[in-house]
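In our numbering, the protein residues as written are 3 to 593.
Below you'll find the structure, written out as structure tokens, and then a few comments.
In structure tokens:
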């Protein structure tokens, strides 16, 4: 530090005999030098060898200003970075004073990391985002004994018997309420478009609530909307038509405070996703009176539902009997009692872990599925040929319902196998990018496509862009991991025809087997739910819900293309990659 002061003094020495700088000038010079040294120390430190934006390395905030300036949104900006660097790997400075993030744009290597490479696990960054509101949820655990103990409470929820016997009827009931609501809105709108956003979110939340608690939880989001719409008259609609777009503006009925608190949780997750310091942002949020109230309301209603499930369980003498189970909460309590008996301990029904697991699939389950459904409605409205083909496939599969002039019931839909419906759902998932970026973190030094990746580096894996919706990069096979190369030898490659990779085309998921159309779930690159041990736990439930929603809506309604002003594909980034606008223009189908 003395040498720094001496250099500053020499640099600022005044002209003239025996005249030197004053102590204040020397102090100012030293302070300036210290400030400059601290500034340099705070600048991003790139990982050697990995491409990055040079201008970002000269700013304390790194790439954040450029990302925020991009009018297309954060996810489109991320996608542009792989294109800018003309390669599958680059690094981004998205966290001031923190390590750089590494961005990967390649399906094969992403698949290998999630399925076969053990050094990659859940990232600390995503744990920061989710742990504030549900700290004991399994998504916030690194893979290990604690994570496994949480997952075992849930594992039977995705079994076919539970999905078809319990989940399907519950989801069907909530979707029928949406059909009823839209029948009323279509009648009042008289062919005009209206906003579908809230209705889909409410219906999806109702479906998750039905699945989670059955009829023991009395409140729903769609039922008040039906009552409200039925109180309106066609004469009053003229005042609700937007003169610019022609869309009808329907207002919403007030929701019960527990439903409002659940929907609010999704908004908070979106705020945390946007923050470079999610943990700090959540700490400040959680101290506000209104946030504390939301937390209290949400936790109280979940614990009340757990208590009701425990009461039902304790009325059953046989610990292995599940015939009484009518909801996810029921099954979770039954499993906890089974494990407690086996391990000779008291059941932990009212633990923070149990509470957070329930909160987790209520909040995350409705947000992701509803966002995907919104994109699906947009794709189908803009692709009338696909919509017509799908409706014919549904009618051919549900001949009895068609002949009886009724909607297919829950069991009809759950048990049916309709290749084109599966193809449409998979194509919606491929292009919706509901979760546009997956994340992993390495627990040791490793390599990725020839680049050295230090321990604790967070990796962001795109599931859109190169190799997904546009041609991939030409990568030397020798720089790929041994397990990735071995997978190619044993299983071949999953690749799309480069022509029209970005186009909504469900037929890409259909293959011909002896003159019969068959759905091919591994036809090409797609990562809507992630893969491997840390892939999305609720993917089977999401498929079931989408199957029910699409079947019922397309059976009852024809989706017309909305005016251009209402048909944009811009997105907003919340917890999910959500369409900025989603309007529907419905025609009720007479049978």
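All C-beta atoms, glycine included, are put in the ideal place defined by N, C-alpha and C.
Quick caveat, the model's predicted, so the values are computed rather than measured.
- Residue environment analysis places residue 353 among the exposed positions, since fewer than 16 neighbouring C-beta atoms fall within 10 angstroms of its C-beta.
- 8 Å or more divides the Cβ of residue 543 from the Cβ of residue 106.
- Under the 8 Å Cβ criterion, the segment 354–374 counts as touching the segment 436–452, having at least three qualifying pairs.
- Counting only runs of at least 3 residues, the segment 540–571 fully encloses the following beta strand (DSSP E) elements, listed from N- to C-terminal order: 559–562.
- Sequence-distant Cβ neighbours of residue 144 in its own chain, meaning closer than 7 Å and more than five residues away, are 123, 124.
- Between the alpha carbons of residue 200 and residue 347 lies a distance of about 45 Å.
- Between residue 131 and residue 271, the alpha-carbon positions lie close to 7 Å from each other.
- Taking a cut-off of 8 Å on C-beta distances, the segment 204–220 touches the segment 326–342, as three or more cross pairs fall below it.
- By alpha-carbon distance to residue 477, the top candidate from 557, 110, 185, 407 is 110.
- In the three-state scheme derived from DSSP, where H, G and I count as helix and E and B as strand, residue 441 is classed as strand.
- Beta-bridge partners assigned by DSSP to residue 585: 197.
- DSSP assignment within the segment 349–418 yields the following whole alpha helix (DSSP H) runs of 4 residues or more, N-terminal first: 354–383, 386–399, 401–405, 412–417.
- Taking C-alpha positions only, residue 226 is separated from residue 527 by approximately 42 Å.
- Of the residues 536, 440, 557, the one whose Cα lies closest to the Cα of residue 423 is 557.
- Distance from the Cα of residue 75 is smallest, within the candidate group 572, 355, 133, 238, for 572.
- With a 10 Å radius around the Cβ and a threshold of 16 neighbouring Cβ atoms, residue 559 comes out buried.
- Listed in chain order, the alpha helix (DSSP H) runs fully inside the segment 61–147 are 66–71, 76–86, 109–117, 126–133, counting runs of at least 4 residues.
- Under the 10 Å beta carbon count, residue 47 is surrounded by fewer than 16 other beta carbons and is classified as exposed.
- Residue state for residue 335 is assigned as helix, using DSSP reduced to three classes.
- Assignment of residue 464 by DSSP, reduced to helix, strand and coil, places it in the strand class.
- Going by DSSP, residue 313 is part of the alpha helix (DSSP H) stretching over 291–316.
- Straight across, the Cα-Cα distance linking residue 255 with residue 548 is about 25 Å.
- For residue 274, the three-state secondary structure derived from DSSP is helix.
- Per the C-alpha coordinates, the member of 545, 400, 183, 398 positioned closest to residue 427 is 545.
- The C-beta distance from residue 466 to residue 94 rounds to 16 Å, too long to meet the 8 Å contact threshold.
- Assignment of residue 448 by DSSP, reduced to helix, strand and coil, places it in the strand class.
- By the criterion of at least three beta-carbon pairs nearer than 8 Å, the segment 574–593 is in contact with the segment 181–189.
- When rounded, the separation of the alpha-carbon atoms in residue 475 and residue 156 is 39 Å.
- Counting only the Cα atoms, residue 411 lies some 11 Å from residue 404.
- Going by beta carbons, residue 114 and residue 355 fall outside the 8 Å limit.
- Counting only residues of its own chain and dropping the five nearest sequence neighbours on each side, residue 266 has a CB closer than 7 Å to the CB of 296.
- Nearest neighbour of residue 160 by Cα position, chosen from 455, 523, 363, turns out to be 363.
- Residue 215 carries a helical assignment under DSSP once its states are collapsed to helix, strand and coil.
- Burial state of residue 486 is buried, judged by a 10 Å Cβ sphere holding 16 or more other Cβ atoms.
- Assigned with DSSP and collapsed to three states, residue 321 falls in coil, not helix or strand.
- As DSSP reads the structure, residue 453 sits in a beta bridge with 450.
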